[in-house]
Amino acid sequence: MPRPNKSVATPRPPAVKLRHAPQQVRIIGGAWKRTPLPVTVIDGLRPTPDRVRETLFNWLGQTLDGLRCLDLFAGTGALGFEAASRGAARVVLVERHPRAAKQLHAIKDKLGAVTVEIAEADAIRFATNLPPSSFDVVFLDPPFDSALLGDALKLAMPLVAPGGVLYVEAAVPIDRVVGMTKKATETTKGASGAMNEATQEAADELPPGWSVDRQGKAGLVHYHLLRREIDE
Numbered sequence: 378m379p380r381p382n383k384s385v386a387t388p389r390p391p392a393v394k395l396r397h398a399p400q401q402v403r404i405i406g407g408a409w410k411r412t413p414l415p416v417t418v419i420d421g422l423r424p425t426p427d428r429v430r431e432t433l434f435n436w437l438g439q440t441l442d443g444l445r446c447l448d449l450f451a452g453t454g455a456l457g458f459e460a461a462s463r464g465a466a467r468v469v470l471v472e473r474h475p476r477a478a479k480q481l482h483a484i485k486d487k488l489g490a491v492t493v494e495i496a497e498a499d500a501i502r503f504a505t506n507l508p509p510s511s512f513d514v515v516f517l518d519p520p521f522d523s524a525l526l527g528d529a530l531k532l533a534m535p536l537v538a539p540g541g542v543l544y545v546e547a548a549v550p551i552d553r554v555v556g557m558t559k560k561a562t563e564t565t566k567g568a569s570g571a572m573n574e575a576t577q578e579a580a581d582e583l584p585p586g587w588s589v590d591r592q593g594k595a596g597l598v599h600y601h602l603l604r605r606e607i608d609e
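Okay, so the sequence shown: first residue is 378 according to the numbering used here, each after it adds one.
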């Protein structure tokens, strides 16, 4: 009697790594609530976490009707488009990276965001040429843990109108942010070779006329709302 043929296992194809959909964040409130905002994959681009953004706009108020806002390191545009969604009269998004700026234009067109202006420029140079007291709200969220924060803070403060606020997001608490200066140094890290680093010096106090209105921490992110006093 012939023996039945042994079944031969069919070899499995090699596993294929699936590409996940692009990361995205969502507008939390206002006219465009729940609208997704794509996150372009760029080194140093780290969107403000949803929980932090929700806290920030609770601090600012649910509506920003009539306010002028500047998002100096726009990235995904999450802060600026959130402000526009909540009624801001003017929102300026500044972004130097071509791919990120292109994505901002696409989002603006999709939303029909007529109050949003997009400047494809270096944030430091752009801020240098702005007139003082131009904005009621300034968002300052440079690439995470970058050496740009000290210079950007000094330039951003005069742009805030009396009674306005400055949002600062950083890898360190505000007392280490205020008064930062950059000093180019050359250091050597063992076998890793030479690296350029920035030495940061911090002052203990905010400039006269400024106060810390609110602050918090989520994971590695320190976030602060600074307020400029109304001139008497």
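Glycine included, C-beta positions come from ideal geometry on N, C-alpha and C. Owing to the predicted nature of the structure, the values given are computational and were not obtained by experimental measurement.
- If you check the CB distance, I404 and T412 come in under 7 Å.
- Contact holds between the region 513-526 and the region 539-552, because three or more Cβ pairs, one in each stretch, are under 8 Å apart.
- In the DSSP assignment, H482 forms no beta bridge with any residue.
- C-alpha of L481 to C-alpha of K410: approximately 17 Å in a straight line.
- Take W436, set aside five residues on each side of it, and the residues of its chain with a beta-carbon closer than 7 Å to its own are R591 and L602, in chain order.
- By the criterion of a C-beta distance shorter than 8 Å, S511 is surrounded in its chain by R445, L447, L536 and A538, once the five residues flanking it on both sides are discounted.
- Your pair Q401 and V416 checks out as a contact, with CB atoms roughly 6 Å apart and the cut at 8 Å.
- In this structure, DSSP gives A460 a helical state, which the three-state scheme calls helix.
- A distance of 7 Å or more separates the beta carbons of V468 and A498.
- Under the DSSP assignment, F516 falls outside any alpha helix (DSSP H), being part of the beta strand (DSSP E) whose first and last residues are F512 to L517.
- When rounded, the separation of the alpha-carbon atoms in P550 and A595 is 12 Å.
- Here A455 has V402, L414, P424, T425 and R430 as same chain residues with Cβ atoms under 7 Å from its own Cβ, once five neighbours each way along the sequence are excluded.
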